[in-house]
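A.B. asks: First residue of the sequence shown? That's 1 in UniProt numbering, and the numbers climb one at a time after it.
Submitted below is the structure of interest, expressed as structure tokens.
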Amino acid sequence: GAAVDALDLPHLAVRAGELVALRGPSGAGKTTALRVLAGVQPVVAGTVVVGDVLHVPQRPTLPHARTVADALEPLATDDERWAALADVGLAAEVAALPEGLATPLGEGGAGLSSGQRQRLALARALALAARHPVVLLLDEPTAHLDADAERVVVARLREAAARGCAVLVVSHRRALLAAVDRAVDVAAPAAHSVDISSSGAASSTHSVDTSPSRTPSGRRSVDRVRGAGGRPGRVWCWASGRPGTAVALGASSWVSGLVLTGAAAWLLVRASDLPPVLSLSTAVVLVRGSAVARPLLRYLERLVSHQVAFARLGAWRSQVYAALVPRVPGPGPLRRGALLARVVDDV
């Protein structure tokens, strides 16, 4: 197929000890550049050479964190966690939370503000980078921060670069752009198409910590789900709520079996009496018709009865799920879909 270039960046080199910024208009491909370097997005054309990577996206969701302490999981002790939080000016705010480091977090870091989530993710990345120099890829690290918090974060990024990390940031904030060693301008890609072949795509081998892709959520009625796959679903959806249809088809199949048995028996008994040809033809037609109708009606009966059963099962499960949702306690379960997985775990 054909696709428009997502990024037009002929060359980018960030050396250890440098703090480099990517700047440019929205949609120019700055976030795409970080995703490619982090190995999140496959490389279609060009070459990427990068060392150990820590990637903090623009909106970190802390996917595996159920508490503030979980978000700093690689740090073994509470002292290390508090020190990491203090480095980004977040220690006082976490200490003011009802349960401190044990404060529960909802899905996507719910319970914290955008700036707090940003600094929590930065605290983890900077703490790991302090152990050994890495490549830090930070997408708008100061976007949700006030001026004081921004100054603290900028100072920590300068310290990380001084320790030998290669720090690449995407930013529009003047305070951060003024502190970088150099800024690389990223222009919007030209609106021309390039061919993408299956053999030309190379996936990165880096293991990075990033937020999961979004999945559409919401309630979808059972009636809408039924028959969504194609014509057979539309043909039979009229019978999905009618168990009487399945009963009628089963009875018709049973009657066809009786007709087949009776007509065949009549032919065997009366054949020696040489009945009229019209009577023989009628019996033959009944035998052939009932022989075809019996398995066909049985198949339709099974099809409709299974559809009725599965439709009712789906409706009952949806009702159970809808009844349980309002009863979910506060910030406890925290994960969308976990309750539904438990309801349908028997499948």
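Ideal Cβ placement from N, Cα and C applies to all residues, glycine included.
On a Cα-Cα basis, can you pick out the residue from 276, 23 and 282 that is closest to residue 262?
C.D. replies: 282
A.B. asks: Per the contact definition of three or more C-beta pairs closer than 8 angstroms, is the segment 43-63 in contact with the segment 120-132?
C.D. replies: yes
A.B. asks: What do you get for residue 96, buried or exposed, if any count of 16 or more other CB atoms within 10 angstroms of its CB means buried?
C.D. replies: Classification of residue 96: exposed, given that the 10 Å Cβ count is below 16.
A.B. asks: Could you pull out every residue in the same chain whose Cβ sits closer than 7 angstroms to the Cβ of residue 229, ignoring the five residues on either side in sequence?
C.D. replies: Any answer about residue 229 is weak, because its pLDDT of 44 lies below 50 and its placement is not dependable; what the coordinates show is given next. Cβ neighbours of residue 229 beyond the five flanking positions: none.
A.B. asks: What residue range does the beta strand (DSSP E) around residue 185 cover?
C.D. replies: 182-185
A.B. asks: So what does DSSP say about residue 173, is it helix, strand or coil?
C.D. replies: If DSSP states are grouped into helix, strand and coil, residue 173 belongs with coil.
A.B. asks: Which runs of the alpha helix (DSSP H), 4 residues or longer, sit entirely within the segment 35-77?
C.D. replies: 68-71
A.B. asks: Taking all protein chains shown into account, do 16 or more other C-beta atoms lie within 10 angstroms of the C-beta of residue 80, making it buried, or fewer, making it exposed?
C.D. replies: exposed
A.B. asks: Leaving out five residues before and five after residue 24 in sequence, what residues of the same chain have Cβ atoms less than 8 angstroms from its Cβ?
C.D. replies: 30, 185, 186, 187 and 188
A.B. asks: Please report how far the alpha carbon of residue 319 lies from the alpha carbon of residue 242, in whole angstroms.
C.D. replies: 19 angstroms
A.B. asks: Is residue 242 helix, strand or coil when you go by DSSP?
C.D. replies: coil
A.B. asks: Who are residue 138's beta bridge partners in DSSP?
C.D. replies: In DSSP, residue 138 forms a bridge with 56 and 169.
A.B. asks: Residue 39: buried (16+ other C-beta within 10 angstroms of its C-beta) or exposed?
C.D. replies: buried
A.B. asks: Residue 141 and residue 16 look like a contact to me (Cβ under 8 angstroms); what is the Cβ gap, rounded to whole Å?
C.D. replies: Not really, about 19 angstroms apart at Cβ, beyond 8 angstroms.
A.B. asks: Just tell me which of 110, 90 and 157 has its CA closest to the CA of residue 165.
C.D. replies: 157
A.B. asks: Run the proximity test for residue 166: is its beta-carbon closer than 7 angstroms to any non-hydrogen atom belonging to the ligand NAD?
C.D. replies: The model depicted lacks the ligand NAD and carries no ligand whatsoever.
A.B. asks: From this set, 101, 247 and 138, which residue's C-alpha is nearest residue 66's C-alpha?
C.D. replies: 101
A.B. asks: Out of 129, 113, 180 and 178, which has the shortest C-alpha to C-alpha gap to residue 75?
C.D. replies: 129
A.B. asks: Identify whether residue 304 lies in helix, strand or coil by the three-state DSSP scheme.
C.D. replies: helix
A.B. asks: Return helix, strand or coil for residue 133, following the three-state DSSP convention.
C.D. replies: coil
A.B. asks: Using a 10 Å radius around the Cβ and a threshold of 16 neighbouring Cβ atoms, would you call residue 197 buried or exposed?
C.D. replies: Its pLDDT being 39, under 50, residue 197 is placed unreliably in this model, and the coordinates cannot settle the point.
A.B. asks: Whose C-alpha, out of 269, 19 and 111, is nearest the C-alpha of residue 99?
C.D. replies: Sorting 269, 19 and 111 by C-alpha distance to the C-alpha of residue 99 places 111 at the top.
A.B. asks: Within 8 angstroms (strictly less), CB to CB, does residue 13 reach chain D?
C.D. replies: Going by chain labels, chain D is absent from the structure shown, which holds only one protein chain.
A.B. asks: State the Cα-Cα distance for the pair residue 32 and residue 125, rounded to the nearest angstrom.
C.D. replies: Approximately 20 angstroms, taken between the alpha carbons.
A.B. asks: Return the CA-CA distance between residue 297 and residue 266, expressed in angstroms with no decimal places.
C.D. replies: 23 angstroms
A.B. asks: For the beta strand (DSSP E) that residue 23 lies in, which residues bound it at each end?
C.D. replies: 19-23
A.B. asks: Measure how close the beta-carbons of residue 28 and residue 171 come, nearest whole angstrom, since I'm counting them as under 8 angstroms.
C.D. replies: About 13 angstroms; that fails the 8 angstroms criterion.
A.B. asks: Going by alpha carbons, who is nearest to residue 294 out of 168, 279, 249 and 312?
C.D. replies: 249
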